[in-house]
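In the working numbering, the protein residues as written are 0 to 266.
Just so it is clear, CB atoms sit at the ideal spot from N, CA and C, and this is done for glycine as well.
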């Protein structure tokens, strides 16, 4: 299984893309969030992920930097692929029920009926619930509510064919209520809004985010062997990998990764 980081930035970045990624098994892809606009089409092109090979998309929550890219994917897959007979099977969009209604409404207001007519036929909205398991890319994926106080949001764990457990906590700090889901993870993706030493400047706590220090302390406490940090500020973009890694290694002794956009990992 391959992990492609499509974007690494927070909601307001302009020099990189908003945080989203793809899990891939050959030419089958599971997209997790889609960023805030049609730049998702460019990053998918740059990574060689074809629209006709995307059949599963999970949107964690309603914030625009995670949501709006899916509107473009609905349009392009519906119009350019399904509409032209170039798409086999269905597109499944996983999200909680309230979010499914929001995505449908935005799409129906902004996309022609020749595309939205595929809703509930070829483009399917699949509601997820706390503790529910779905099969995606042939793997069990268990969704869990992160108990956000900002907007209802879900994360997930995925058990890969090689026995590796991959966990995504969404874009807020891990909540101990989800320990039973997160424990035993081999890979953890976790937001790290900024360096701990710059918390006064970026004010991550006001935004319900954590710093590199807290994310790494968490992974150390949970004994996670592989930690990926993303959803960051962009002021230090060129030096981010070096700076975040240096701070993180003070608190975490596993394998720490601070990826750039389009970076790929073998899981």
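Nearest-angstrom Cα separation, counted from residue j out to residue i
| i | j | result |
| --- | --- | --- |
| residue 246 | residue 159 | 30 Å |
| residue 17 | residue 230 | 7 Å |
| residue 68 | residue 126 | 19 Å |
| residue 0 | residue 194 | 30 Å |
| residue 80 | residue 123 | 15 Å |
| residue 40 | residue 259 | 18 Å |
| residue 63 | residue 9 | 11 Å |
| residue 225 | residue 2 | 13 Å |
| residue 37 | residue 262 | 20 Å |
| residue 206 | residue 61 | 15 Å |
| residue 73 | residue 106 | 8 Å |
| residue 128 | residue 244 | 35 Å |
| residue 255 | residue 241 | 11 Å |
| residue 43 | residue 218 | 29 Å |
| residue 210 | residue 87 | 43 Å |
Local conformation of residue i per DSSP, three classes
| i | result |
| --- | --- |
| residue 221 | helix |
| residue 157 | strand |
| residue 8 | strand |
| residue 18 | coil |
| residue 184 | coil |
| residue 52 | helix |
| residue 119 | coil |
| residue 252 | coil |
| residue 85 | coil |
| residue 42 | helix |
| residue 168 | coil |
Exposure label - residue i; buried when at least 16 CB within 10 Å
| i | result |
| --- | --- |
| residue 154 | buried |
| residue 188 | buried |
| residue 177 | buried |
| residue 113 | exposed |
| residue 35 | buried |
| residue 157 | buried |
| residue 108 | exposed |
| residue 144 | buried |
| residue 318 | Here the chain has residues from 0 to 266 only, and residue 318 is not among them. |
| residue 232 | buried |
| residue 192 | buried |
Nearest neighbour of residue i, chosen from the options [CA to CA]
| i | options | result |
| --- | --- | --- |
| residue 164 | 174, 149, 170 and 181 | 181 |
| residue 31 | 57, 9 and 49 | 57 |
| residue 95 | 131, 107 and 236 | 131 |
| residue 148 | 134, 244 and 204 | 204 |
| residue 92 | 261, 54 and 112 | 54 |
| residue 99 | 226, 113 and 119 | 119 |
| residue 238 | 249, 222, 226 and 257 | 257 |
| residue 221 | 202, 121, 19 and 184 | 184 |
| residue 142 | 101, 166, 136 and 197 | 166 |
| residue 77 | 228, 116 and 44 | 116 |
| residue 82 | 146, 174, 121 and 108 | 121 |
| residue 228 | 169, 101 and 108 | 169 |
| residue 251 | 262, 173, 19 and 214 | 214 |
| residue 33 | 19, 27 and 43 | 19 |
Stretch-stretch touch, CB-based, cutoff 8 Å, three pairs: the segment 45–57 with the segment 19–29:
A contact exists between the segment 45–57 and the segment 19–29.
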